[in-house]
Amino acid sequence: MLPDLQTLTQKIRDIAREEILPRFEHVGFALKQDGSLLTEADLATNRRIAEFLGEQWADIAFLSEEMESAEQERLLREADALWCLDPLDGTSNFAAGIPLFAVSLALFQHGEVVLALTYDPVRDEMFTAQRGQGAWLNGQPLRCQPSAFKLRNAVAIVDFKRLSLPLKNALLHNPPYGSQRNLGSCVLEWAWMAANRGNVYLHGGMKLWDLAAGTLILAEAGGYACTLAGEPVFVPALAPRSVVISPDAVLFAAWLQYLRENQ
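According to UniProt numbering, the sequence shown is numbered sequentially starting from 1.
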């Protein structure tokens with residue numbers, strides 16, 4: 001039996017509002033070894049959620065972005081049931097005073113995502129999904145919808161920094177879409193695409209905790225995703241994965257064709 005989603009979402013909402021929002025625009029940061037930012041909000045949220053999950057579901061192992069990679073690898077090898085947490089995705093936004101960041105949590109069972117949530121505390125938006133049961137935004141059904149746009153009119157969300165140089169050049173000099181955005185929070189970008197906020201999406205390399213919850217939320221909402229190689233995005237491993245998304249089947253096919261022709 002899966003953990004109760006209502007109990008889970010209420011506690012994650014409470015923790016995020018207690019640990020993240022009061023520190024927004026009032027906290028310093030440090031650099032991790034990979035150059036990414038770390039704030040007090042990351043650490044406090046990570047600690048509170050880990051404690052809550054351990055108390056409620058002691059039989060489920062816990063993996064977080066904030067752990068050492070050797071421990072993450074061990075958990076992925078050995079645990080049949082495993083939480084995967086990003087306590088604050090969009091830390092650079094958070095530290096810069098940009099209100100685009102979120103908490104994201106997924107539950108793996110036997111190597112697949114079965115439960116997922118992404119919570120945006122600024123907008124009080126809770127995106128959730130359960131395998132085979134659907135996706136929701138604040139308890140209301142979430143469904144991807146076809147767009148009236150052609151690819152040339154589409155709003156694209158694109159993260160350029162991990163793309164190949166040929167693809168970057170193609171997108172800069174011959175973009176197939178109408179306009180381009182980048183939120184700076186992978187987990188919000190998954191959730192927003194599931195909510196039809198944007199037409200096509202591209203990221204050159206996400207970490208496991210960036211994509212785990214989003215893959216289930218988007219899939220249960222009826223959206224489309226794969227890697228640049230055409231493979232499923234989610235695998236229970238630490239190596240970064242490229243991501244191509246659209247909530248619209250026609251746009252997804254056109255977008256993927258353009259990307260394959262310009263890699």
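Idealized CB from N, CA, C, for every residue including glycine.
Predicted, not measured: the structure shown is a model, and the values here were computed from it.
Counting only residues of its own chain and dropping the five nearest sequence neighbours on each side, A156 has a CB closer than 6 Å to the CB of Y177, Q180 and V200. Between the stretch 68-84 and the stretch 119-136 there are fewer than three inter-stretch CB-CB distances shorter than 8 Å, so the stretches are not counted as touching. Within the same chain, and ignoring the five residues on either side of V233 in sequence, the residues whose Cβ sits closer than 7 Å to its Cβ are L211, T215, A225, C226, T227, R241 and V243. Excluding its 5 nearest sequence neighbours in each direction, L105 has C-beta neighbours in its own chain below 6 Å: L85 and L117, listed in chain order.
Just so you know, the alpha carbons of P141 and T128 end up roughly 10 Å apart.
Inside the stretch 40-72, DSSP marks whole beta strand (DSSP E) runs of 3 or more residues at positions 61-64, from first to last along the chain. In the DSSP assignment, G204 falls within the unbroken beta strand (DSSP E) covering V200 to M206. Secondary structure note for Q145: it is in no alpha helix (DSSP H), with a DSSP letter that is neither H nor E.
Take V114, set aside five residues on each side of it, and the residues of its chain with a beta-carbon closer than 8 Å to its own are L2, L107, F108, Q130, R131 and L216, in chain order. Contact check for H203 against R162 passes: the beta carbons are separated by less than 8 Å. In terms of Cα proximity to N196, the closest of A154, V122, A96 and D124 is A154.
Here F94 carries a helix assignment [DSSP, helix/strand/coil].
A distance below 8 Å separates the beta carbons of T39 and F94. Here DSSP, grouped into helix, strand and coil, assigns G214 to helix. L167 sits away from Q72, with the two beta carbons spaced by 8 Å or more. Comparing alpha-carbon positions, the option among L208, F149 and A16 lying closest to Y119 turns out to be A16.
A straight line joining the alpha-carbon of L172 with that of V158 spans about 11 Å.
The C-beta distance from L43 to L63 rounds to 16 Å, too long to meet the 8 Å contact threshold. Cβ-Cβ distances below 6 Å link I245 to M193, Y201 and A225 in the same chain, with the five nearest sequence neighbours on each side left out; the list follows chain order. With fewer than 16 neighbouring CB atoms inside 10 Å of its own CB, S164 falls in the exposed class.
The beta carbon of E18 is closer than 6 Å to none in its chain, skipping five residues each way along the sequence. Excluding five sequence positions before and after P146, the CB atoms of its chain that fall closer than 6 Å to its own CB belong to D248, given in chain order.
In this structure, L88 is the residue among A70, L88 and D59 with its C-alpha nearest to the C-alpha of R48.
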